[in-house]
Amino acid sequence: MADPNTKFLVVDDFSTMRRIVRNLLKELGYSNVEEAEDGVDGLNKLKAGGFDFVVSDWNMPNMDGLTMLQNIRKDSALASLPVLMVTAEAKKENIIAAAQAGANGYVVKPFTAATLDEKLSKIFEKIG
Amino acid sequence: MRDDNKAVNDEHDEMSADHLDKQGDGKEGEMLHRIGQMTRGLHESLRELGIDKMVERAAQGIPDARDRLNYVATMTEQAADRVLNATDIANPLQDNITSQAAELEARWKDVMKTPALKSEYNEAAEATLVFLKQTTENSNATKAQLMEIMMAQDFQDLTGQVIKKITELAHMIEQELVRTLVDFAPNKPVAAPDNNSLLNGPQIAPEKTENVVSNQAQVDDLLDSLGF
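Chains A and B are the protein sequences, given in the same order. If you count the first sequence from 1, position 60 lands on 59 in numbering that gives the first Met the number 0, and the numbers rise without skipping. If you count the second sequence from 1, position 99 lands on 98 in numbering that gives the first Met the number 0, and the numbers rise without skipping.
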């Protein structure tokens with residue numbers, strides 16, 4: 000497990016899913032979690048600073064998760080932020096597009112607590 | 000009635016033949032002319048059969064279907080929220096019991112290390128220890144079930160997305176129908192749907208769909224094969 004103070008931003012337009020991801024993160028030992036309801040909200044919160052990790056949905060109003068990811072990678076202050084996509088989008092093109100845009104991981108919904116744990120550990124291991 | 004129609008058709012055929020002979024502009028002209036006739040025929044039949052009324056009713060029915068789908072989305076969201084609220088309340092209660100049982104267990108073990116206490120006392124203490132152990136085990140098992148209840152609510156996000164998509168589709172069809180009613184031009188070209196969008200939401204039947212993954216293992220395999 001990484002630093003328990005790692006600050007997460009959970010971006011999803013469905014409040015149910017935000018709560019589930021927040022609870023799962025808490026179970027995994029990370030209780031420093033904030034939420035955003037779409038890409039615009041997410042990007043604003045990230046720009047305000049202090050976040051170490053982003054868990055984002057793809058299909059959201061105003062700004063989708065891929066566009067937010069591309070904006071994160073373009074912003075020199077945020078470019079190195081790890082981003083895990085957690086989405087119902089399951090086309091191969093989606094997964095390839097996310098990887099090319101610089102996503103650190105891709106979890107397809109519906110997912111299990113074990114999958115989230117595994118992907119987080121893998122990302123923390125890589126960024127060390 | 001049938002004879003009348005036949006007469007009309009024959010007349011049309013003659014007319015178009017005449018027309019073509021005069022214009023002499025070949026197959027394309029003939030095709031356009033026929034499409035024009037078919038359109039007028041369709042327009043008239045629609046009105047005669049009262050299909051314009053049916054289209055009108057369909058256009059009126061869709062907002063109702065949309066409201067119903069919205070209702071389903073709202074109700075499932077409320078249900079998911081209620082369950083999540085309940086697990087939020089029950090989780091810390093269970094955590095509390097677990098940690099208190101562990102604390103008591105340790106205290107009793109300490110006390111029992113001290114010699115020269117009555118055997119009855121020891122027996123009671125042993126029974127309490129067994130009970131405390133059971134409490135911890137049951138609390139952990141309950142907590143696992145609470146997690147399961149929480150994870151089961153992920154349907155709300157997925158069904159919500161599907162319902163939203165259908166609602167949008169219904170809205171689009173409704174607008175299209177209304178527009179059709181307004182200008183009544185059935186041969187107007189309709190824009191082809193965009194199938195290459197990256198925003199498709201949950202796959203309802205991934206096994207039946209090309210180019211779609213159906214589980215996390217396939218996502219991981221694809222990313223591995225690409226070297227990510």
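From the three backbone atoms N, C-alpha and C, an ideal C-beta is built for every residue, glycine too. Please read all numbers here as calculations on a predicted model, not as lab measurements.
* Asked: Would you call residue 95 (chain B) buried or exposed, if buried means 16 or more other Cβ atoms sit within 10 Å of its Cβ?
  -> exposed
* Asked: How big is the Cα-Cα spacing for residue 111 (chain A) and residue 66 (chain B)?
  -> 32 Å
* Use the C-beta contact count for residue 201 (chain B): other C-beta atoms within 10 angstroms, 16 or more gives buried, fewer gives exposed. => buried
* Classify residue 88 (chain A) as buried or exposed, calling it buried when 16 or more other Cβ atoms lie within 10 Å of its own Cβ. => buried
* residue 206 (chain B) versus chain A: which residues are under 9 Å apart at the beta carbon? -> Taking the beta carbon of residue 206 (chain B) as reference, no residue of chain A falls within 9 Å; the closest one sits roughly 12 Å away.
* Could you check if residue 16 (chain A) is buried or exposed, using at least 16 other CB atoms within 10 Å of its CB as the buried criterion? => buried
* Asked: What is the residue span of the alpha helix (DSSP H) that residue 66 (chain A) lies within?
  -> 64 to 73
* What do you get for residue 130 (chain B), buried or exposed, if any count of 16 or more other CB atoms within 10 angstroms of its CB means buried? -> Looking at its Cβ environment, which holds fewer than 16 other Cβ atoms inside 10 Å, residue 130 (chain B) is exposed.
* To do: Could you give the DSSP three-state label for residue 89 (chain A): helix, strand or coil?
  => coil
* Can you have a look at residue 132 (chain B) and say buried or exposed, based on whether 16 or more other CB atoms are within 10 angstroms of its CB? => The residue in question, residue 132 (chain B), is exposed, as its Cβ has fewer than 16 Cβ neighbours within 10 Å.
* Burial state of residue 10 (chain A) (16 or more Cβ within 10 Å) -> That one is buried.
* Cβ-based burial, residue 102 (chain A) [other Cβ within 10 Å; buried from 16] -> buried
* Asked: Any idea what DSSP makes of residue 68 (chain B), helix, strand or coil?
  -> helix
* Asked: How is the alpha helix (DSSP H) around residue 14 (chain A) delimited, first residue to last?
  -> 14 to 26
* For residue 59 (chain A) versus residue 27 (chain A), is the C-beta spacing smaller than 9 Å? -> No; because the gap between Cβ atoms is not below 9 Å, this pair is not in contact.
* To do: Could you tell me which chain B residues have their CB closer than 7 Å to the CB of residue 58 (chain A), listed as they occur along the chain?
  => Result: 160, 198 and 200.
* Keeping to the same chain, check which residues put their C-beta closer than 8 Å to that of residue 57 (chain B); ignore five residues upstream and five downstream. => Setting aside the 5 residues that flank it on each side, residue 57 (chain B) is surrounded in the same chain by 176, each with a C-beta closer than 8 Å to its C-beta; the list follows chain order.
* Interface residues of chain B around residue 72 (chain A) at Cβ under 9 Å? -> Within chain B, no C-beta atom comes nearer than 9 Å to that of residue 72 (chain A); the closest sits roughly 14 Å away.
* What residues match up with residue 104 (chain A) in a beta bridge as DSSP calls it? -> A:83
* Asked: residue 141 (chain B): which of B:154, B:164, B:118 and B:86 sits nearest, CA to CA?
  -> B:86
* To do: Express the C-alpha separation of residue 222 (chain B) and residue 212 (chain B) in angstroms, rounding to a whole number.
  => 12 Å
* Listed by chain order, chain B residues near residue 66 (chain A) by CB distance under 7 Å -> Correct list: empty, because the minimum Cβ distance to chain B is about 10 Å.
* Check whether the segment 165 to 176 of chain B touches the segment 97 to 114 of chain B, counting contact only when three or more Cβ pairs, one atom from each stretch, lie closer than 8 Å. => no
* Asked: So, is the C-beta of residue 109 (chain A) closer than 9 Å to a C-beta in chain B?
  -> yes
* Asked: So is residue 211 (chain B) in contact with chain A if we call contact Cβ pairs under 9 Å?
  -> yes
* **Reference residue 74 (chain B), options B:159, B:136, B:149 and B:40, closest by Cα** => B:159
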